[in-house]
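Student: The opening position of the sequence shown corresponds to residue 3 in the working numbering, with each subsequent residue numbered one higher.
Sharing a structure below in structure tokens format, with a few things to ask.
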Amino acid sequence: MTYIKELTISLCDWETRIILESINQEASRLKYICEHSEDEDEAADAGNDYLEVIGFKERLEKQAVELFGQQIKDFSREVL
3 MTYIKELTIS
13 LCDWETRIIL
23 ESINQEASRL
33 KYICEHSEDE
43 DEAADAGNDY
53 LEVIGFKERL
63 EKQAVELFGQ
73 QIKDFSREVL
């Protein structure tokens, strides 16, 4: 029998934004590997990981938007 462990943490807005941005970058990397790898096993693994990362991103993003607002998804480096 497998027991799934769970981690509960508390994050402020800037920490949440960094994590969301990092998840976006990792998802992009995995998607690229999935679409461009000539190794079928590597492409399949990347595709599976991509789906898991996107699921995590959606869960985190939903909670983050509820708490911090839509601007939490803005990763722009432009000066306001």
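Note that CB positions come from ideal geometry on N, CA and C, so glycine has one too.
Using the C-alpha atoms, what's the distance from residue 73 back to residue 67?
Tutor: 8 angstroms
Student: Taking the alpha carbon of residue 56 as the reference point, which residue from 15, 11, 31 has its own alpha carbon closest?
Tutor: 31
Student: Would you identify the three-state DSSP class for residue 70, choosing helix, strand or coil?
Tutor: helix
Student: Are the beta-carbon atoms belonging to residue 69 and residue 21 less than 8 angstroms from one another?
Tutor: No. Outside cutoff.
Student: Kindly provide the ranges of any beta strand (DSSP E) runs that are 3 or more residues long and lie completely inside the segment 6-56, ordered along the chain.
Tutor: none
Student: For a test of the three-state rule: what should DSSP assign to residue 77, helix, strand or coil?
Tutor: coil
Student: Report the rounded CA-to-CA distance for residue 34 versus residue 50, giving the unit in angstroms.
Tutor: 13 angstroms
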